[in-house]
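*Asks:* Letter 32 of the sequence shown, counting from 1, is numbered 32 in the UniProt record's numbering, and no numbers are missing.
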Amino acid sequence: MAEKLKPGQSAPRSGEYGIVGPRGGQTGEERTAVKGKPMPPTPKPGQSYTMDRPAHNGAGKPKK
Numbered sequence: 001m002a003e004k005l006k007p008g009q010s011a012p013r014s015g016e017y018g019i020v021g022p023r024g025g026q027t028g029e030e031r032t033a034v035k036g037k038p039m040p041p042t043p044k045p046g047q048s049y050t051m052d053r054p055a056h057n058g059a060g061k062p063k064k
């Protein structure tokens, strides 16, 4: 099972995060998060986030 993130937690990776209910069911809603920034509030209490699609643009990676 994917790691669940709560609103306000720091995003471990940039990308699209799906909102899941308290029992793990998908709500069909997504939010965009940036690595290191806090996750936005969810529409309802008890909901959390799981990674749906990571960003592939290289943002947040160290330069070589």
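Glycine included, every Cβ here is placed at the ideal spot set by N, Cα and C.
Where DSSP assigns a beta bridge to Ala-33, which residues make up the other side?
*Replies:* Gly-15
*Asks:* Out of Lys-44, Pro-41 and Val-34, point me to the one whose CA is closest to His-56's CA.
*Replies:* Val-34
*Asks:* Using only alpha-carbon positions, find the residue among Lys-37, Gly-36 and Pro-41 that is nearest to Glu-30.
*Replies:* Pro-41
*Asks:* Could you pull the start and end residues of the beta strand (DSSP E) that Pro-7 belongs to?
*Replies:* Taken as a continuous stretch (DSSP letters only), Pro-7 belongs to no beta strand (DSSP E), as it is neither H nor E.
*Asks:* From the DSSP output, read off the bridge partner residues of Thr-50.
*Replies:* Paired residues: Gly-18.
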